[in-house]
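Asker: Quick one: this structure, given as structure tokens, is what I'll be asking you about.
2 protein chains.
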Amino acid sequence: MRDRSIWAWGWRDKFPDPGARQGLMQLARVLVPAAHTALRDEPPDEPSVPSPAIATPAALAEIASQAPRDRAMRSRGRAFPDLVAGFAGDYTGAPDLVVRPRDEAEVARVLEVCDANAWAVVPFGGGTSVVGGVDAALARRDRAAVVSLDLGAIAGVREVDPVSRLARIGAGTLGPALEDELATHGLTLRHYPQSFEMSTLGGWLATRAGGHYATGPTRIDELAHAMTMITPRGLLATHRHPGSGAGPEPARMVLGSEGALGVITEAWMRVVPRPRWRASASVAYKDFTAGVAAARALAQSGLYPSNARLLDGNEARLHRVRFDGTSVLLIGFESADHPLGPWLARALELARDHGGEVVSGPSEADDATRSGAAGAWRQAFFDAPYLQSALLSIGVLSDTFETACSWTQFPELHACVTAAVQRALDEECGGGIVSCRFTHVYPDGPAPYYTFIGALRAGGELAQWRAVKAAASEALAAAGGTITHHHAVGRTHRPWYDRERPALFGEALAAVKRTLDPHGILNPGVLVD
Amino acid sequence: MRDRSIWAWGWRDKFPDPGARQGLMQLARVLVPAAHTALRDEPPDEPSVPSPAIATPAALAEIASQAPRDRAMRSRGRAFPDLVAGFAGDYTGAPDLVVRPRDEAEVARVLEVCDANAWAVVPFGGGTSVVGGVDAALARRDRAAVVSLDLGAIAGVREVDPVSRLARIGAGTLGPALEDELATHGLTLRHYPQSFEMSTLGGWLATRAGGHYATGPTRIDELAHAMTMITPRGLLATHRHPGSGAGPEPARMVLGSEGALGVITEAWMRVVPRPRWRASASVAYKDFTAGVAAARALAQSGLYPSNARLLDGNEARLHRVRFDGTSVLLIGFESADHPLGPWLARALELARDHGGEVVSGPSEADDATRSGAAGAWRQAFFDAPYLQSALLSIGVLSDTFETACSWTQFPELHACVTAAVQRALDEECGGGIVSCRFTHVYPDGPAPYYTFIGALRAGGELAQWRAVKAAASEALAAAGGTITHHHAVGRTHRPWYDRERPALFGEALAAVKRTLDPHGILNPGVLVD
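Residue numbers (this note's numbering), protein chains in the order written: chain A, 1 to 529; chain B, 1001 to 1529.
Right under this line is the structure:
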């Protein structure tokens, strides 16, 4: 069986070998001239963990493990601080027990045992949180033990309704397995967050993940027909109607609950046939502002492109799409129902109206979105998380953050945020670069996504990251952006989330938490206290 | 100033005169042969109300009224039982006091006074609830007084952001005024529930209204960018981002709160330019089942038609669209951005694939959707609520109910529901007719909307209606449909809502209610106790 890296993003065999990392060092020196890159040794694959604070309860023996590797693997997610801790081989906060229930009844039993003992429970899907959402050490607080509840055994496509285009899927299903199984029915969920390869359906639902579509139904919220969640008080199954106007929507309390209200075990998802037609093109803009205007026109056109990603000059370079400093707007349409020529033609009219030059396409073909600039972007997109781990291992800081704001707010927000992050990079890293792309565009505003890169000081990694992250978060808050469009809150974003959240909604959410999880055992520290 | 009818739907001057009602009687005898129609006298326009239980508090004197007509007008909504009570001139349950705050501070003051006195508060928009949502008598329970909080003075478009296509609008704004004001900016909300002429933005938000679009963003939820709600505990303003993934969405707690959690005072709404292009056609089906299949194909096509309404034979006849018993699928597209020929062409391919015959159109013109079958349907759509009042006044029962279910469930649900309602009409009214249309179609299922017509017995009106309504609701519940797709819960649907709602969500909602409205003064009996 293929192993995940004990410390880095993703599969162990995809971590670059020393030769490849040497090449990366040369690239890094171009990008970040201040970098004193060095090939640091990877940590040993056999982690050392402290003795567990508890013995395995008899009631959970069949589904429990206290093996050091199992516990170490579920210590945390894959945020930058997690990579730093993992690279240092630090597993002092590992959970005491890992359980892997196989059905709803076993999940309920785990919660019952933990509730009776006041142990903290961290629901664990793919372990890819970049916001401290699955952190055993931070969940511990004053609890006697932390139990990692791994959903991996509650997986697979269980039922398909081709007429209503619905599929019932276990929450622990990883992205690729989910798509492989649906493909045998000629169907697809078409939800590709950047973590797709390593993350699970349950994790997407719990964190309100954003899909790869730039417009239209793309957030996992809109793809969820119904969900089942187990709470310490029992089961909560949302209704199975395509739409109901009966009071506030129960599903919207489950979506974004981040493991703090219950454990999502399965969902009926809206699926679609695989696309047969694609049409795409890439349009370059000398001026980022013109690209923004074109992206807005496209978002407000009612054409619903599947792709409408704007990359600024730095972003286009990092993603190996353009190397001349121009911004590029990637436009794509896809359909299982009809050819898309008229759609793309109108989109390109809009793109040209704002001064764009078509640099790739227009192409209409089955694999159109996989060639040209769009294809290069796609591959770089899925490889980016691997790159972050590799960069850390040669002494380079890289991370991302994201937000959403109105089109009206964007110019000011963008100026403030890039200035604040650049200043922090200059102070903390002796320089660095910031890039921006739009991951999603709505009629009322974009979801800007920022990447920053700088040089690390050995031993100063965490302090450097914290300073830049805080500068970014403060700038977002000051400019009126949300602290997260799709990365979720976890524990990293709590201070800014608490400020952004309406106070009375915070009180209401705390009341819901007390109702569903009266002893506060679920993911302590996440969302509410 | 134009007067609303004291008892019937809408404007008083639109209630048909005796001559027109004579004509209606002839039509009714064709539709409902069992009907013993008779021209009943309208009730007097000057209602008699009981003495108010309280005096006007000094703190509210400036915005309060105890005038009999003001109190009577706010006694209830416009459900069938409301029409019966109004026709009988029964205002025994009128609110004791009507207040008309002019801003958020005055709303807060009203809640403060009512909270201190433990008076019930019924937020009142257009007073068009068809589910007992604004019923002063039912809100009273053991309270010393009932106060009707009329939002009518918190009205108008207050701010427009043309770049992000947003408008800040007072909750008390009536549909036509809202559209008139937006039109001066070249914008429109394009949300036309059947109550449009008489209902308010705040009412749409509080009840999660369904718009006239059949697909795509149509429910008011999707058009709401941000909302302000005043609760007895203070103000709750949801965030102003186009999308945020920070925890469960606060706006989704406000949407559908039906006046039980707070008073919605204003909202930033997503607006659009007025459509420049339209394309439409009507397609007839000998077989309703074939029409259903065509509607499903259209809903799942990704074409996002603005209109995709299927009317069964009875419905087509009632709406004066077709008279030969065939079902008809009304298809329409509209855009402010591009001509729609390719969209309609593909939709008609799908429609014909299922055996349909194009009976009107295809037409591409600015007023295409206003001519032909679609135009006839549109006028009948807005006139239907007037017709219900007029029918009651000649001794004919008519009402509607609606639901949503998956495409897979629909055939069985439709068979059970029509059989149950027909049986109830046969028993209660000596016969009658049931018709069905789809108001909205989703990829995973339709929102079927039923109309029933039967003969009334003088004095038995309420019992007859209750029996048919209960038969319909029980059949919906048994067949797995929701008790309401867009009419809301109010008090009429409470028994079925309570069964449909996940029990733990009910407990969570009650906890939210206790947090925001600790003394339970807001719209008692609605949603939660």
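Glycine included, every Cβ here is placed at the ideal spot set by N, Cα and C.
No experiment lies behind these values; they were computed from the predicted model shown.
For W1007 of chain B and chain A, any beta-carbon pair shorter than 8 Å?
Answerer: Here the question's residue 1007 of chain B lines up with position 7 in the second sequence. No, W1007 of chain B lies away from the interface with chain A (no Cβ there is under 8 Å from its Cβ).
Asker: So, using beta-carbon positions, are G1341 of chain B and R1278 of chain B closer together than 8 Å?
Answerer: Residue numbering aside, residue 1341 of chain B sits at position 341 when the second sequence is read from its first letter. Residue numbering aside, residue 1278 of chain B sits at position 278 when the second sequence is read from its first letter. Not in contact: G1341 of chain B and R1278 of chain B (Cβ atoms no closer than 8 Å).
Asker: Can you give me the Cβ contacts of C1416 of chain B inside the same chain, cut-off strictly under 7 Å, excluding the 5 residues immediately before and after it?
Answerer: Locating residue 1416 of chain B in the second sequence gives position 416, counting from the first residue. A1475, A1478, A1479, listed in sequence order.
Asker: Going by the beta-carbon positions, is the gap between S1301 of chain B and A1374 of chain B smaller than 8 Å?
Answerer: Translated into positions along the second sequence, residue 1301 of chain B becomes position 301. Translated into positions along the second sequence, residue 1374 of chain B becomes position 374. Going by C-beta atoms, S1301 of chain B is not nearer than 8 Å to A1374 of chain B.
Asker: I'd like to know whether the C-beta atoms of L261 of chain A and V512 of chain A end up nearer to each other than 8 Å.
Answerer: Start at 1 with the first residue of the first sequence, and residue 261 of chain A comes out as number 261. Start at 1 with the first residue of the first sequence, and residue 512 of chain A comes out as number 512. Against a cut-off of 8 Å, the Cβ pair of V512 of chain A and L261 of chain A comes out as a contact.
Asker: Helix, strand or coil: how does DSSP classify L1344 of chain B here?
Answerer: Counting from 1 along the second sequence, the entry for residue 1344 of chain B is found at position 344. Helix.
Asker: Looking at the unbroken alpha helix (DSSP H) that takes in A1094 of chain B, where does it start and where does it end?
Answerer: Start at 1 with the first residue of the second sequence, and residue 1094 of chain B comes out as number 94. Taken as a continuous stretch (DSSP letters only), A1094 of chain B belongs to no alpha helix (DSSP H), as it is neither H nor E.
Asker: Among B:G1126, B:V1254, B:V1292, which has the Cα closest to the Cα of L1527 of chain B?
Answerer: Here the question's residue 1527 of chain B lines up with position 527 in the second sequence. With distances taken between Cα atoms, L1527 of chain B lies closest to B:V1254.
Asker: Whose Cβ in chain A lies nearer than 8 Å to the Cβ of L1509 of chain B?
Answerer: By one-based count along the second sequence, residue 1509 of chain B stands at place 509. Near L1509 of chain B (Cβ distances below 8 Å), the residues of chain A are G247, P248.
Asker: Pick helix, strand or coil for T369 of chain A, following the three-state DSSP scheme.
Answerer: Translated into positions along the first sequence, residue 369 of chain A becomes position 369. Because T369 of chain A carries a pLDDT of 48, less than 50, the predicted location of this residue cannot be relied on, and no value is offered for it.
Asker: Which chain B residues are close to C416 of chain A, counting only those with a beta carbon under 7 Å from its beta carbon?
Answerer: Residue numbering aside, residue 416 of chain A sits at position 416 when the first sequence is read from its first letter. Contact note: C416 of chain A does not reach chain B at a C-beta cutoff of 7 Å; the least C-beta distance is about 16 Å.
Asker: Look at the alpha carbon of F382 of chain A and the alpha carbon of R1274 of chain B, and state the distance between them as a whole number of angstroms.
Answerer: Position 382 of the first sequence, counted from the start, is the residue given in the question as residue 382 of chain A. Position 274 of the second sequence, counted from the start, is the residue given in the question as residue 1274 of chain B. Between F382 of chain A and R1274 of chain B, the C-alpha separation is close to 40 Å.
Asker: Starting from F438 of chain A, trace the beta strand (DSSP E) both ways and give me its first and last residue.
Answerer: In the first sequence, the residue the question calls residue 438 of chain A occupies position 438. Where F438 of chain A is concerned, the enclosing beta strand (DSSP E) stretches over 432–442.
Asker: I believe I1154 of chain B touches R1102 of chain B by the beta-carbon criterion, under 8 Å. Please report the beta-carbon distance rounded to the nearest angstrom.
Answerer: On the second sequence, residue 1154 of chain B is found 154 positions in, with the first residue counted as 1. On the second sequence, residue 1102 of chain B is found 102 positions in, with the first residue counted as 1. Contact check for I1154 of chain B and R1102 of chain B: beta-carbon distance about 7 Å, within the 8 Å limit, so the pair qualifies.
Asker: What's the C-alpha gap between G395 of chain A and A424 of chain A?
Answerer: If you number the first sequence from 1, residue 395 of chain A lands on position 395. If you number the first sequence from 1, residue 424 of chain A lands on position 424. G395 of chain A and A424 of chain A: Cα-Cα distance of roughly 18 Å.
Asker: What three-state label does DSSP hand A260 of chain A in the structure shown?
Answerer: Numbered from its first residue, the first sequence carries residue 260 of chain A at position 260. Here A260 of chain A sits in coil by DSSP.
Asker: Run through DSSP, which three-state label would N523 of chain A get?
Answerer: By 1-based counting over the first sequence, the position of residue 523 of chain A is 523. N523 of chain A: coil per DSSP, three-state reduction.
Asker: In three-state DSSP terms, what is G1459 of chain B?
Answerer: By one-based count along the second sequence, residue 1459 of chain B stands at place 459. The answer is coil: DSSP assigns G1459 of chain B none of H, G, I, E or B.
Asker: According to DSSP, what are the bridge partners of W277 of chain A?
Answerer: Along the first sequence, one-based indexing puts residue 277 of chain A at 277. Answer is A:S335, bridged to W277 of chain A.
Asker: Spell out whether any CB of chain A is found under 8 Å from the CB atom of S1164 of chain B.
Answerer: Position 164 of the second sequence, counting from 1, holds the residue named residue 1164 of chain B. Yes, its Cβ sits closer than 8 Å to a Cβ of chain A.
Asker: Exposed or buried, W1119 of chain B, counting other C-beta atoms within 10 Å across all chains shown (16 or more means buried)?
Answerer: Locating residue 1119 of chain B in the second sequence gives position 119, where the first residue counts as 1. Buried.
Asker: When the cut-off is 8 Å and only beta carbons count, does I1483 of chain B lie next to chain A?
Answerer: Here residue 1483 of chain B corresponds to residue number 483 of the second sequence, with the count starting at 1. Chain A contact via Cβ: present.
Asker: Where do the ends of the alpha helix (DSSP H) carrying I1220 of chain B lie?
Answerer: The sequence position of residue 1220 of chain B within the second sequence is 220, counting from 1. From DSSP, the alpha helix (DSSP H) with I1220 of chain B extends over 1220–1223.
Asker: Kindly indicate which three-state DSSP category Y1386 of chain B falls into: helix, strand or coil?
Answerer: Indexing the second sequence from 1 puts residue 1386 of chain B at position 386. Note: Y1386 of chain B maps to helix in three-state DSSP.
Asker: What whole-angstrom Cβ distance do M1258 of chain B and N1523 of chain B have, given they're in contact under 8 Å?
Answerer: For the purposes of this step, residue 1258 of chain B is taken as residue 258 along the second sequence, with counting starting at 1. For the purposes of this step, residue 1523 of chain B is taken as residue 523 along the second sequence, with counting starting at 1. Checking the sequence, you will find Glu at residue 1258 of chain B rather than Met. Indeed they touch by this definition, with Cβ atoms about 7 Å apart.
Asker: Shorter than 8 Å from the beta carbon of V1110 of chain B to some beta carbon of chain A?
Answerer: Taking the second sequence and counting its residues from 1, the one referred to as residue 1110 of chain B is at position 110. False, the Cβ-Cβ gap to chain A never drops below 8 Å.
Asker: Between which two residues does the alpha helix (DSSP H) containing P68 of chain A stretch?
Answerer: By 1-based counting over the first sequence, the position of residue 68 of chain A is 68. Residues 68–73.
Asker: List the residues of chain A whose Cβ lies closer than 8 Å to the Cβ of I1304 of chain B, in chain order.
Answerer: Residue numbering aside, residue 1304 of chain B sits at position 304 when the second sequence is read from its first letter. Sequence inspection shows Tyr at residue 1304 of chain B; the Ile mentioned does not correspond to that position. Those are G302, Y304, listed as they occur along chain A.
Asker: How about T943 of chain B and R1078 of chain B: do their beta carbons lie closer than 8 Å?
Answerer: Any property of residue 943 of chain B remains undetermined from this structure, which presents chain B solely from 1001 to 1529.
Asker: Apart from the five residues on each side of it in sequence, which residues of its chain come closer than 7 Å, Cβ to Cβ, to A530 of chain A?
Answerer: Since the displayed chain A opens at 1 and closes at 529, residue 530 of chain A lies outside it and no answer follows.
Asker: Within 10 angstroms of the Cβ of R320 of chain A, are there 16 or more other Cβ atoms? Answer buried if so, exposed if not.
Answerer: The residue given as residue 320 of chain A occupies position 320 in the first sequence. Counting the other CB atoms within 10 Å of its CB gives R320 of chain A a total below 16, which places it among the exposed residues.
Asker: For chain A, is any of its Cβ atoms less than 8 Å away from the one on P1362 of chain B?
Answerer: Here residue 1362 of chain B corresponds to residue number 362 of the second sequence, with the count starting at 1. No, because no Cβ of chain A sits closer than 8 Å to the Cβ of P1362 of chain B.
Asker: For a test of the three-state rule: what should DSSP assign to F1401 of chain B, helix, strand or coil?
Answerer: Counting from one through the second sequence, the residue named residue 1401 of chain B turns up at place 401. DSSP places F1401 of chain B in strand when its eight states are reduced to three.
Asker: So is V1489 of chain B in contact with chain A if we call contact Cβ pairs under 8 Å?
Answerer: Indexing the second sequence from 1 puts residue 1489 of chain B at position 489. By this cut-off, V1489 of chain B is an interface position.
Asker: Would you tell me roughly how many angstroms separate the C-alpha atoms of R564 of chain A and A139 of chain A, rounded to the nearest one?
Answerer: With chain A covering only 1 through 529, there is no way to say anything about residue 564 of chain A.
Asker: Is DSSP giving P1016 of chain B helix, strand or coil here?
Answerer: Here residue 1016 of chain B corresponds to residue number 16 of the second sequence, with the count starting at 1. Correct three-state label for P1016 of chain B: coil.
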